[in-house]
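If you want the working numbering, it's the 1-based position in the sequence shown plus 3.
Backbone N, C-alpha and C fix where the C-beta goes; we use that ideal spot for every residue, glycine too.
Bear in mind the structure is a predicted one, so any value in this text is a computation, not a measurement.
Remarks on the structure that follows.
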Amino acid sequence: MVSKESIQLELERILASELFVGKKQAGKFLQYIVNETLEGRGERITQYGIAIEALGKPLDYCPTESPAVRVEAGRVRKLLEEYYADEKLSSQHACQITLPLGGYTPVFKPVDSARVQWRRLGGKRVQSSGPKIYIACQNPASIRDDRLRSVMYKIRSSMPVMLGKLGTVQIALADPGFAFSYADHALEYAWRQHQAEFLLYSEAVLQGDTPKLRYVLIHTLSREVVWSAEFGLASTESEQLLEEMYVRLVTEVFSLYQGTALSFWSHYWYQQPSMPEAYQVLAAHVRFLQDEVSESSFQAFWQVCQKRTRQYHDDALAHLHYAVACLYAHMLKTEPVEILDELWQRQALAALELNPGNALAHAIFAVNCYARGENELARVEIEIARKSNPFDSGCERLIATGLCALRAWDKGFRLLKADPLVEFSYPDPLRTVPCLYYFRRGRYINHASTDAGFNDLGGWEQFGRFVNACRAGDCKACTYSISKVVDRLQPDIGVGLHSYLWQDKANQQDLTESMT
(Lines of atoms letter the chains of each structure in order from A; the text may use other names.)
(Lines give C-alpha, C1' and ligand atoms only; values in the text may rest on other atoms or scores of the structure.)
Protein backbone atom coordinates (compact mmCIF):
# COMPACT_ATOMS: atom_id res chain seq x y z
CA MET A 4 0.00 0.00 0.00
CA VAL A 5 1.42 3.37 -1.05
CA SER A 6 0.62 6.39 1.10
CA LYS A 7 -0.99 9.51 -0.33
CA GLU A 8 1.98 11.57 0.83
CA SER A 9 4.44 9.32 -1.04
CA ILE A 10 2.41 9.62 -4.23
CA GLN A 11 2.24 13.40 -3.99
CA LEU A 12 5.97 13.60 -3.31
CA GLU A 13 6.70 11.39 -6.31
CA LEU A 14 4.42 13.48 -8.53
CA GLU A 15 6.29 16.64 -7.53
CA ARG A 16 9.63 15.02 -8.39
CA ILE A 17 8.37 13.83 -11.76
CA LEU A 18 7.01 17.24 -12.72
CA ALA A 19 10.28 18.89 -11.65
CA SER A 20 12.44 16.44 -13.62
CA GLU A 21 14.19 17.36 -16.87
CA LEU A 22 11.88 15.07 -18.83
CA PHE A 23 8.73 16.97 -17.86
CA VAL A 24 10.08 20.52 -17.61
CA GLY A 25 8.90 22.35 -20.73
CA LYS A 26 6.21 19.77 -21.48
CA LYS A 27 3.27 21.61 -19.92
CA GLN A 28 0.52 19.52 -21.52
CA ALA A 29 2.08 16.25 -20.36
CA GLY A 30 2.57 17.66 -16.87
CA LYS A 31 -1.02 18.89 -16.62
CA PHE A 32 -2.30 15.54 -17.92
CA LEU A 33 -0.35 13.57 -15.30
CA GLN A 34 -1.19 15.99 -12.48
CA TYR A 35 -4.91 15.79 -13.28
CA ILE A 36 -5.21 12.00 -13.40
CA VAL A 37 -3.12 11.55 -10.23
CA ASN A 38 -5.01 14.17 -8.22
CA GLU A 39 -8.42 12.90 -9.31
CA THR A 40 -7.45 9.36 -8.34
CA LEU A 41 -6.16 10.45 -4.93
CA GLU A 42 -9.37 12.39 -4.26
CA GLY A 43 -11.50 9.38 -5.10
CA ARG A 44 -12.94 10.91 -8.27
CA GLY A 45 -11.83 8.20 -10.68
CA GLU A 46 -15.10 8.41 -12.61
CA ARG A 47 -14.05 11.85 -13.88
CA ILE A 48 -10.93 10.45 -15.56
CA THR A 49 -12.41 10.20 -19.05
CA GLN A 50 -11.22 11.49 -22.40
CA TYR A 51 -13.67 14.38 -22.14
CA GLY A 52 -12.75 15.20 -18.53
CA ILE A 53 -9.02 15.17 -19.29
CA ALA A 54 -9.49 17.29 -22.41
CA ILE A 55 -11.53 19.98 -20.63
CA GLU A 56 -9.91 20.05 -17.15
CA ALA A 57 -6.27 19.27 -18.00
CA LEU A 58 -5.63 20.14 -21.62
CA GLY A 59 -7.82 23.27 -21.84
CA LYS A 60 -9.98 22.10 -24.72
CA PRO A 61 -13.30 23.90 -25.42
CA LEU A 62 -16.54 22.54 -23.95
CA ASP A 63 -17.66 21.25 -27.34
CA TYR A 64 -14.64 18.94 -27.55
CA CYS A 65 -15.55 15.57 -29.11
CA PRO A 66 -13.24 12.60 -28.24
CA THR A 67 -14.36 10.61 -31.28
CA GLU A 68 -13.30 13.38 -33.64
CA SER A 69 -10.01 14.40 -31.98
CA PRO A 70 -7.23 12.01 -30.78
CA ALA A 71 -5.61 14.72 -28.60
CA VAL A 72 -6.16 12.86 -25.30
CA ARG A 73 -5.00 9.51 -26.68
CA VAL A 74 -1.88 11.09 -28.17
CA GLU A 75 -1.04 12.89 -24.91
CA ALA A 76 -1.62 9.70 -22.92
CA GLY A 77 0.91 7.89 -25.11
CA ARG A 78 3.40 10.70 -24.62
CA VAL A 79 2.96 10.66 -20.81
CA ARG A 80 3.28 6.88 -20.74
CA LYS A 81 6.56 7.04 -22.65
CA LEU A 82 7.93 9.85 -20.49
CA LEU A 83 7.19 7.86 -17.32
CA GLU A 84 8.97 4.83 -18.74
CA GLU A 85 12.03 6.96 -19.52
CA TYR A 86 11.90 8.55 -16.09
CA TYR A 87 11.99 5.22 -14.23
CA ALA A 88 14.64 3.81 -16.57
CA ASP A 89 17.12 6.44 -15.34
CA GLU A 90 19.16 4.61 -12.68
CA LYS A 91 20.64 7.90 -11.46
CA LEU A 92 17.24 8.68 -9.96
CA SER A 93 16.54 5.16 -8.68
CA SER A 94 17.39 5.92 -5.05
CA GLN A 95 15.08 8.97 -4.96
CA HIS A 96 11.73 7.41 -5.88
CA ALA A 97 9.09 7.58 -3.16
CA CYS A 98 6.97 5.16 -5.23
CA GLN A 99 6.25 4.42 -8.89
CA ILE A 100 3.49 6.06 -10.92
CA THR A 101 2.60 4.23 -14.12
CA LEU A 102 -0.08 4.59 -16.80
CA PRO A 103 -1.14 1.16 -18.13
CA LEU A 104 -2.14 0.71 -21.75
CA GLY A 105 -5.84 0.87 -22.53
CA GLY A 106 -6.82 3.35 -19.83
CA TYR A 107 -6.20 6.71 -18.20
CA THR A 108 -6.22 5.76 -14.51
CA PRO A 109 -2.72 5.77 -13.00
CA VAL A 110 -1.34 2.89 -10.94
CA PHE A 111 0.80 3.47 -7.85
CA LYS A 112 3.41 0.87 -6.93
CA PRO A 113 5.65 0.69 -3.87
CA VAL A 114 9.38 0.86 -4.51
CA ASP A 115 11.35 -2.34 -3.92
CA SER A 116 14.01 -0.94 -1.59
CA ALA A 117 16.23 -3.98 -2.00
CA ARG A 118 16.25 -3.53 -5.78
CA VAL A 119 17.08 0.14 -5.41
CA GLN A 120 19.98 -0.69 -3.11
CA TRP A 121 21.18 -3.38 -5.48
CA ARG A 122 21.14 -1.01 -8.46
CA ARG A 123 23.45 1.21 -6.47
CA LEU A 124 25.61 -1.79 -5.59
CA GLY A 125 25.99 -2.66 -9.27
CA GLY A 126 23.10 -4.92 -10.19
CA LYS A 127 24.72 -6.19 -13.42
CA ARG A 128 27.35 -8.26 -11.63
CA VAL A 129 27.73 -11.85 -12.77
CA GLN A 130 30.10 -13.16 -10.11
CA SER A 131 28.61 -14.12 -6.77
CA SER A 132 29.93 -11.98 -3.96
CA GLY A 133 29.58 -10.94 -0.35
CA PRO A 134 29.26 -7.52 1.30
CA LYS A 135 31.74 -4.71 0.77
CA ILE A 136 33.64 -3.46 3.83
CA TYR A 137 34.82 0.15 3.98
CA ILE A 138 38.01 0.15 6.06
CA ALA A 139 38.96 3.38 7.76
CA CYS A 140 41.22 4.24 10.65
CA GLN A 141 42.34 7.21 12.64
CA ASN A 142 45.13 9.17 10.97
CA PRO A 143 48.32 7.68 12.49
CA ALA A 144 49.98 11.11 12.38
CA SER A 145 47.46 12.36 14.94
CA ILE A 146 48.46 9.71 17.53
CA ARG A 147 51.00 10.87 20.12
CA ASP A 148 51.89 7.47 21.60
CA ASP A 149 54.76 6.00 19.54
CA ARG A 150 53.71 2.37 19.89
CA LEU A 151 50.10 3.09 19.01
CA ARG A 152 51.12 5.18 16.03
CA SER A 153 53.40 2.42 14.75
CA VAL A 154 50.67 -0.21 15.15
CA MET A 155 48.12 1.98 13.39
CA TYR A 156 50.41 2.38 10.38
CA LYS A 157 50.76 -1.40 10.21
CA ILE A 158 47.01 -1.89 10.49
CA ARG A 159 46.33 0.55 7.69
CA SER A 160 48.59 -1.37 5.31
CA SER A 161 47.99 -4.98 6.39
CA MET A 162 44.29 -5.22 7.27
CA PRO A 163 42.92 -4.83 3.71
CA VAL A 164 45.27 -7.57 2.51
CA MET A 165 44.33 -9.88 5.37
CA LEU A 166 40.56 -9.46 4.93
CA GLY A 167 40.86 -9.67 1.16
CA LYS A 168 42.18 -13.23 1.47
CA LEU A 169 38.89 -14.44 2.92
CA GLY A 170 37.02 -14.22 -0.37
CA THR A 171 33.71 -13.71 1.43
CA VAL A 172 33.92 -9.92 1.56
CA GLN A 173 34.96 -7.12 -0.78
CA ILE A 174 37.26 -4.36 0.41
CA ALA A 175 36.90 -0.60 -0.06
CA LEU A 176 39.72 1.58 1.26
CA ALA A 177 39.26 4.98 2.84
CA ASP A 178 40.25 7.88 0.61
CA PRO A 179 43.52 9.45 1.81
CA GLY A 180 42.99 12.77 3.50
CA PHE A 181 39.21 12.46 3.78
CA ALA A 182 38.15 13.39 7.31
CA PHE A 183 35.02 12.63 9.34
CA SER A 184 33.86 14.21 12.54
CA TYR A 185 30.85 12.03 13.30
CA ALA A 186 29.83 8.44 12.76
CA ASP A 187 26.86 9.38 10.58
CA HIS A 188 29.15 11.27 8.18
CA ALA A 189 31.44 8.27 7.78
CA LEU A 190 28.53 5.87 7.27
CA GLU A 191 26.89 8.08 4.68
CA TYR A 192 30.18 8.48 2.81
CA ALA A 193 30.97 4.74 2.90
CA TRP A 194 27.60 3.92 1.37
CA ARG A 195 27.19 6.72 -1.15
CA GLN A 196 30.75 6.80 -2.46
CA HIS A 197 31.72 3.12 -2.21
CA GLN A 198 28.41 1.24 -1.85
CA ALA A 199 29.96 -0.42 1.20
CA GLU A 200 27.46 -2.14 3.46
CA PHE A 201 29.79 -2.09 6.46
CA LEU A 202 32.14 0.48 7.94
CA LEU A 203 35.07 -0.97 9.91
CA TYR A 204 36.74 1.80 11.87
CA SER A 205 39.78 1.58 14.13
CA GLU A 206 41.14 4.23 16.46
CA ALA A 207 43.73 4.61 19.20
CA VAL A 208 42.65 5.59 22.71
CA LEU A 209 44.37 6.15 26.03
CA GLN A 210 42.54 4.98 29.14
CA GLY A 211 44.68 6.14 32.01
CA ASP A 212 48.18 4.93 31.17
CA THR A 213 46.96 2.03 29.05
CA PRO A 214 47.12 2.49 25.27
CA LYS A 215 44.38 0.62 23.42
CA LEU A 216 43.09 -0.04 19.94
CA ARG A 217 39.35 0.21 19.53
CA TYR A 218 37.35 -1.30 16.68
CA VAL A 219 33.75 -0.88 15.65
CA LEU A 220 31.87 -2.43 12.72
CA ILE A 221 28.64 -0.66 11.68
CA HIS A 222 26.09 -1.64 9.04
CA THR A 223 25.78 1.44 6.84
CA LEU A 224 22.18 0.84 5.71
CA SER A 225 20.58 0.14 9.10
CA ARG A 226 23.05 2.06 11.31
CA GLU A 227 23.39 -1.00 13.55
CA VAL A 228 26.62 -1.62 15.45
CA VAL A 229 27.38 -5.23 14.61
CA TRP A 230 30.63 -5.69 16.55
CA SER A 231 33.08 -3.74 18.66
CA ALA A 232 36.20 -4.62 20.62
CA GLU A 233 39.25 -3.19 22.36
CA PHE A 234 42.83 -4.49 22.41
CA GLY A 235 45.36 -3.31 25.00
CA LEU A 236 49.07 -2.77 24.29
CA ALA A 237 50.27 -2.68 27.89
CA SER A 238 52.29 -5.91 27.91
CA THR A 239 51.89 -7.14 24.35
CA GLU A 240 54.35 -6.84 21.48
CA SER A 241 52.86 -5.11 18.47
CA GLU A 242 53.31 -8.11 16.13
CA GLN A 243 51.68 -10.44 18.63
CA LEU A 244 48.88 -7.94 19.16
CA LEU A 245 48.20 -7.72 15.42
CA GLU A 246 48.13 -11.51 15.12
CA GLU A 247 45.70 -11.90 18.03
CA MET A 248 43.58 -9.06 16.72
CA TYR A 249 43.34 -10.45 13.18
CA VAL A 250 42.51 -13.96 14.38
CA ARG A 251 39.71 -12.58 16.49
CA LEU A 252 38.50 -10.25 13.75
CA VAL A 253 38.35 -13.04 11.19
CA THR A 254 36.80 -15.60 13.54
CA GLU A 255 34.24 -13.45 15.33
CA VAL A 256 33.31 -11.09 12.52
CA PHE A 257 34.01 -12.38 9.01
CA SER A 258 34.33 -16.17 9.19
CA LEU A 259 31.81 -18.21 7.25
CA TYR A 260 30.76 -20.42 10.15
CA GLN A 261 30.76 -17.87 12.97
CA GLY A 262 31.17 -14.34 11.61
CA THR A 263 28.76 -11.85 13.14
CA ALA A 264 29.00 -9.54 10.13
CA LEU A 265 27.99 -12.26 7.67
CA SER A 266 25.18 -13.38 9.94
CA PHE A 267 23.85 -9.83 10.22
CA TRP A 268 24.22 -9.30 6.48
CA SER A 269 22.38 -12.52 5.66
CA HIS A 270 19.57 -11.64 8.10
CA TYR A 271 19.26 -8.18 6.59
CA TRP A 272 18.84 -9.37 3.02
CA TYR A 273 16.44 -12.17 3.89
CA GLN A 274 14.21 -9.54 5.50
CA GLN A 275 14.09 -7.48 2.29
CA PRO A 276 11.41 -8.00 -0.40
CA SER A 277 14.10 -9.37 -2.71
CA MET A 278 17.80 -10.17 -2.63
CA PRO A 279 20.45 -9.42 -5.27
CA GLU A 280 21.13 -12.62 -7.19
CA ALA A 281 24.88 -12.28 -6.68
CA TYR A 282 24.35 -12.41 -2.91
CA GLN A 283 22.17 -15.50 -2.82
CA VAL A 284 24.86 -18.19 -2.62
CA LEU A 285 26.77 -16.74 0.32
CA ALA A 286 23.63 -15.59 2.14
CA ALA A 287 22.07 -19.06 1.86
CA HIS A 288 25.27 -20.73 3.06
CA VAL A 289 25.53 -18.44 6.07
CA ARG A 290 21.88 -18.99 6.89
CA PHE A 291 22.30 -22.77 6.83
CA LEU A 292 25.50 -22.74 8.89
CA GLN A 293 24.73 -20.07 11.44
CA ASP A 294 20.96 -19.79 11.77
CA GLU A 295 18.98 -22.81 10.64
CA VAL A 296 20.54 -26.23 10.13
CA SER A 297 17.51 -27.86 8.54
CA GLU A 298 16.39 -29.75 5.45
CA SER A 299 14.69 -26.68 4.00
CA SER A 300 17.62 -24.30 4.55
CA PHE A 301 20.06 -26.81 3.06
CA GLN A 302 17.87 -27.38 0.00
CA ALA A 303 17.64 -23.61 -0.52
CA PHE A 304 21.44 -23.40 -0.36
CA TRP A 305 21.87 -26.41 -2.66
CA GLN A 306 19.44 -25.12 -5.27
CA VAL A 307 20.94 -21.64 -5.50
CA CYS A 308 24.41 -23.17 -5.94
CA GLN A 309 23.07 -25.33 -8.77
CA LYS A 310 21.38 -22.37 -10.39
CA ARG A 311 24.39 -20.06 -10.26
CA THR A 312 26.95 -22.62 -11.46
CA ARG A 313 24.74 -23.66 -14.37
CA GLN A 314 24.03 -20.07 -15.34
CA TYR A 315 27.60 -18.79 -14.90
CA HIS A 316 30.30 -21.41 -15.41
CA ASP A 317 33.05 -19.08 -14.17
CA ASP A 318 31.29 -17.97 -10.96
CA ALA A 319 34.21 -18.60 -8.59
CA LEU A 320 32.38 -18.14 -5.30
CA ALA A 321 29.38 -20.22 -6.43
CA HIS A 322 31.57 -23.20 -7.40
CA LEU A 323 33.49 -22.91 -4.13
CA HIS A 324 30.39 -22.98 -1.96
CA TYR A 325 28.79 -25.67 -4.11
CA ALA A 326 31.82 -27.86 -3.31
CA VAL A 327 31.28 -27.22 0.40
CA ALA A 328 27.57 -27.98 -0.06
CA CYS A 329 28.58 -31.36 -1.49
CA LEU A 330 30.31 -32.16 1.81
CA TYR A 331 27.13 -31.25 3.68
CA ALA A 332 25.11 -33.40 1.27
CA HIS A 333 27.46 -36.29 2.06
CA MET A 334 26.96 -35.72 5.78
CA LEU A 335 23.18 -35.37 5.53
CA LYS A 336 22.81 -38.12 2.89
CA THR A 337 20.58 -35.97 0.70
CA GLU A 338 21.96 -37.15 -2.66
CA PRO A 339 22.70 -40.62 -4.14
CA VAL A 340 26.33 -41.53 -3.41
CA GLU A 341 27.28 -42.34 -7.01
CA ILE A 342 25.99 -38.98 -8.25
CA LEU A 343 27.40 -37.01 -5.33
CA ASP A 344 30.94 -38.43 -5.58
CA GLU A 345 31.36 -37.29 -9.17
CA LEU A 346 29.71 -33.91 -8.54
CA TRP A 347 31.79 -33.24 -5.43
CA GLN A 348 35.07 -33.96 -7.21
CA ARG A 349 34.09 -31.78 -10.17
CA GLN A 350 33.07 -28.85 -7.97
CA ALA A 351 36.12 -29.17 -5.71
CA LEU A 352 38.42 -29.00 -8.75
CA ALA A 353 36.51 -26.04 -10.19
CA ALA A 354 36.68 -24.26 -6.83
CA LEU A 355 40.45 -24.71 -6.72
CA GLU A 356 40.94 -23.53 -10.31
CA LEU A 357 38.71 -20.47 -9.97
CA ASN A 358 39.90 -19.47 -6.47
CA PRO A 359 43.72 -19.78 -6.52
CA GLY A 360 45.26 -19.15 -3.13
CA ASN A 361 41.89 -19.28 -1.34
CA ALA A 362 42.16 -21.18 1.96
CA LEU A 363 38.59 -22.49 1.83
CA ALA A 364 39.10 -23.83 -1.71
CA HIS A 365 42.15 -25.80 -0.59
CA ALA A 366 40.33 -26.96 2.54
CA ILE A 367 37.32 -28.43 0.75
CA PHE A 368 39.59 -29.96 -1.91
CA ALA A 369 41.59 -31.61 0.89
CA VAL A 370 38.45 -33.21 2.34
CA ASN A 371 37.41 -34.39 -1.11
CA CYS A 372 40.86 -35.91 -1.66
CA TYR A 373 40.53 -37.84 1.58
CA ALA A 374 37.06 -39.05 0.55
CA ARG A 375 38.62 -40.40 -2.68
CA GLY A 376 41.44 -42.13 -0.80
CA GLU A 377 44.18 -39.69 -1.85
CA ASN A 378 45.46 -39.22 1.68
CA GLU A 379 48.88 -37.79 0.82
CA LEU A 380 47.40 -35.15 -1.47
CA ALA A 381 44.86 -34.34 1.24
CA ARG A 382 47.68 -33.75 3.74
CA VAL A 383 49.44 -31.40 1.33
CA GLU A 384 46.24 -29.45 0.64
CA ILE A 385 45.58 -29.06 4.37
CA GLU A 386 49.00 -27.45 4.80
CA ILE A 387 48.39 -25.15 1.84
CA ALA A 388 45.03 -24.11 3.32
CA ARG A 389 46.74 -23.27 6.61
CA LYS A 390 49.43 -21.18 4.94
CA SER A 391 46.98 -19.42 2.59
CA ASN A 392 45.32 -17.69 5.52
CA PRO A 393 46.72 -18.56 8.96
CA PHE A 394 44.14 -16.30 10.61
CA ASP A 395 41.11 -18.24 9.32
CA SER A 396 40.49 -21.07 11.78
CA GLY A 397 37.19 -21.82 10.05
CA CYS A 398 38.99 -23.79 7.34
CA GLU A 399 40.54 -26.16 9.88
CA ARG A 400 37.19 -26.60 11.59
CA LEU A 401 35.58 -27.40 8.24
CA ILE A 402 38.29 -29.98 7.54
CA ALA A 403 37.91 -31.48 11.03
CA THR A 404 34.15 -31.72 10.55
CA GLY A 405 34.60 -33.31 7.13
CA LEU A 406 37.16 -35.84 8.34
CA CYS A 407 34.90 -36.77 11.22
CA ALA A 408 32.01 -37.29 8.78
CA LEU A 409 34.33 -39.57 6.77
CA ARG A 410 34.94 -41.55 9.99
CA ALA A 411 38.52 -40.28 10.38
CA TRP A 412 37.94 -39.04 13.93
CA ASP A 413 41.57 -39.07 15.10
CA LYS A 414 42.72 -36.88 12.21
CA GLY A 415 39.83 -34.49 12.82
CA PHE A 416 40.59 -34.23 16.54
CA ARG A 417 44.26 -33.48 15.88
CA LEU A 418 43.26 -30.56 13.69
CA LEU A 419 40.96 -29.19 16.37
CA LYS A 420 43.64 -29.51 19.04
CA ALA A 421 45.98 -27.43 16.87
CA ASP A 422 43.43 -24.60 16.80
CA PRO A 423 44.47 -22.09 19.51
CA LEU A 424 40.88 -20.84 19.78
CA VAL A 425 39.49 -24.25 20.74
CA GLU A 426 39.15 -24.67 24.50
CA PHE A 427 39.04 -28.26 25.72
CA SER A 428 39.08 -27.64 29.45
CA TYR A 429 35.32 -28.05 29.98
CA PRO A 430 33.70 -30.40 29.43
CA ASP A 431 36.59 -32.42 28.00
CA PRO A 432 34.58 -34.93 25.91
CA LEU A 433 33.13 -32.07 23.83
CA ARG A 434 36.17 -32.38 21.60
CA THR A 435 34.77 -35.66 20.30
CA VAL A 436 32.10 -33.88 18.22
CA PRO A 437 33.71 -31.42 15.76
CA CYS A 438 30.28 -30.36 14.46
CA LEU A 439 29.70 -28.58 17.77
CA TYR A 440 32.45 -26.13 16.83
CA TYR A 441 31.31 -25.57 13.28
CA PHE A 442 27.51 -25.38 13.07
CA ARG A 443 25.33 -22.63 14.56
CA ARG A 444 28.31 -20.35 15.24
CA GLY A 445 29.69 -22.76 17.83
CA ARG A 446 27.13 -21.40 20.28
CA TYR A 447 26.73 -24.78 21.94
CA ILE A 448 30.42 -24.76 22.89
CA ASN A 449 30.31 -21.16 24.09
CA HIS A 450 27.22 -21.68 26.23
CA ALA A 451 28.48 -25.00 27.60
CA SER A 452 31.62 -23.39 29.04
CA THR A 453 29.94 -23.21 32.46
CA ASP A 454 28.12 -25.87 34.48
CA ALA A 455 24.89 -23.88 34.37
CA GLY A 456 25.09 -23.32 30.64
CA PHE A 457 25.93 -26.95 29.95
CA ASN A 458 22.91 -28.08 31.96
CA ASP A 459 20.70 -25.56 30.12
CA LEU A 460 21.60 -27.33 26.89
CA GLY A 461 20.57 -30.74 28.19
CA GLY A 462 23.72 -31.72 30.04
CA TRP A 463 25.43 -35.07 29.58
CA GLU A 464 22.26 -36.79 28.41
CA GLN A 465 21.91 -34.50 25.39
CA PHE A 466 25.64 -34.51 24.74
CA GLY A 467 25.59 -38.31 24.78
CA ARG A 468 23.11 -38.22 21.90
CA PHE A 469 25.52 -36.08 19.88
CA VAL A 470 28.41 -38.47 20.55
CA ASN A 471 26.37 -41.56 19.69
CA ALA A 472 25.13 -40.03 16.45
CA CYS A 473 28.66 -38.92 15.55
CA ARG A 474 30.19 -42.34 16.25
CA ALA A 475 27.41 -44.03 14.27
CA GLY A 476 28.10 -41.79 11.28
CA ASP A 477 24.65 -40.21 11.57
CA CYS A 478 25.72 -36.63 10.88
CA LYS A 479 22.18 -35.63 10.00
CA ALA A 480 20.84 -36.49 13.46
CA CYS A 481 23.84 -34.83 15.09
CA THR A 482 23.72 -31.51 13.21
CA TYR A 483 19.93 -31.18 13.29
CA SER A 484 19.93 -31.89 17.03
CA ILE A 485 22.60 -29.24 17.58
CA SER A 486 20.40 -26.70 15.81
CA LYS A 487 17.33 -27.59 17.87
CA VAL A 488 19.25 -27.36 21.14
CA VAL A 489 20.84 -24.02 20.22
CA ASP A 490 17.41 -22.66 19.25
CA ARG A 491 16.75 -22.34 22.99
CA LEU A 492 19.33 -19.56 23.15
CA GLN A 493 18.47 -15.98 22.27
CA PRO A 494 20.15 -14.51 19.16
CA ASP A 495 22.59 -11.69 19.76
CA ILE A 496 23.11 -9.76 16.54
CA GLY A 497 23.63 -6.01 16.39
CA VAL A 498 22.88 -3.11 18.69
CA GLY A 499 21.62 0.38 17.94
CA LEU A 500 24.09 2.99 16.79
CA HIS A 501 22.87 5.27 19.57
CA SER A 502 24.26 2.83 22.14
CA TYR A 503 27.81 3.15 20.83
CA LEU A 504 29.91 6.25 21.41
CA TRP A 505 32.07 7.18 18.43
CA GLN A 506 34.57 8.45 20.98
CA ASP A 507 34.66 8.73 24.75
CA LYS A 508 33.90 12.22 26.01
CA ALA A 509 37.34 12.23 27.59
CA ASN A 510 38.79 11.93 24.10
CA GLN A 511 36.50 14.53 22.55
CA GLN A 512 39.50 16.48 21.26
CA ASP A 513 40.44 13.52 19.07
CA LEU A 514 36.97 13.56 17.50
CA THR A 515 38.05 16.06 14.90
CA GLU A 516 41.19 14.17 13.91
CA SER A 517 41.31 12.74 10.42
CA MET A 518 40.33 9.24 9.40
CA THR A 519 42.41 8.04 6.51
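{"Item": "Beta strand (DSSP E) segments (min. 3 residues) lying fully within the region 44-110", "Value": "99-101"}
{"Item": "Q293 in three-state terms, based on DSSP", "Value": "helix"}
{"Item": "One or two residues paired with H222 in a DSSP bridge", "Value": "F201, E227"}
{"Item": "Cβ-Cβ separation, T101 to V110 (assumed contact under 8 Å), whole Å", "Value": "5 Å"}
{"Item": "Whole-angstrom distance between Q173 and R1, CA atom to CA atom", "Value": "With the chain covering only 4 through 519, there is no way to say anything about residue 1."}
{"Item": "Classification of N142 by the beta-carbon crowding that lies within 10 angstroms, buried from 16 upward", "Value": "buried"}
{"Item": "Segment contact, 8 Å Cβ cut-off, at least three pairs: the region 228-238 with the region 206-215", "Value": "yes"}
{"Item": "C-beta atoms of L292 and T171 nearer than 8 Å", "Value": "no"}
{"Item": "Rounded separation between V327 and D344 - CA only", "Value": "13 Å"}
{"Item": "Delimiting residues of the beta strand (DSSP E) encompassing A175", "Value": "173-176"}
{"Item": "Per-residue DSSP class, three states only, for A207", "Value": "strand"}
{"Item": "Inter-residue spacing [alpha-carbon to alpha-carbon] between I485 and Q99", "Value": "46 Å"}
{"Item": "Sub-8 Å separation of V72 and I53 beta-carbons", "Value": "yes"}
{"Item": "Per-residue burial, A19 [other beta carbons within 10 Å of its own, 16 or more giving buried]", "Value": "exposed"}
{"Item": "As assigned by DSSP and simplified to three states, the class of Q275", "Value": "coil"}
{"Item": "Rounded separation between R150 and A232 - CA only", "Value": "19 Å"}
{"Item": "Minimum C-alpha distance to R375 - residue among R349, E399, G360, I146", "Value": "R349"}
{"Item": "I387, enclosing beta strand (DSSP E) - first and last residue", "Value": "Per DSSP, I387 belongs to no beta strand (DSSP E); it is in the alpha helix (DSSP H), 378-391."}
{"Item": "Integer-rounded CB distance, given that F469 should sit under 8 Å from C481", "Value": "5 Å"}
{"Item": "Rounded straight-line distance, which links the Cα of A303 to that of E338", "Value": "14 Å"}
{"Item": "Under 8 Å between C-beta atoms of F394 and Y249", "Value": "yes"}
{"Item": "Distance between beta carbons of A451 and F457, contact taken as under 8 Å", "Value": "4 Å"}
{"Item": "Collapsed DSSP secondary structure at R217 in the structure displayed", "Value": "strand"}
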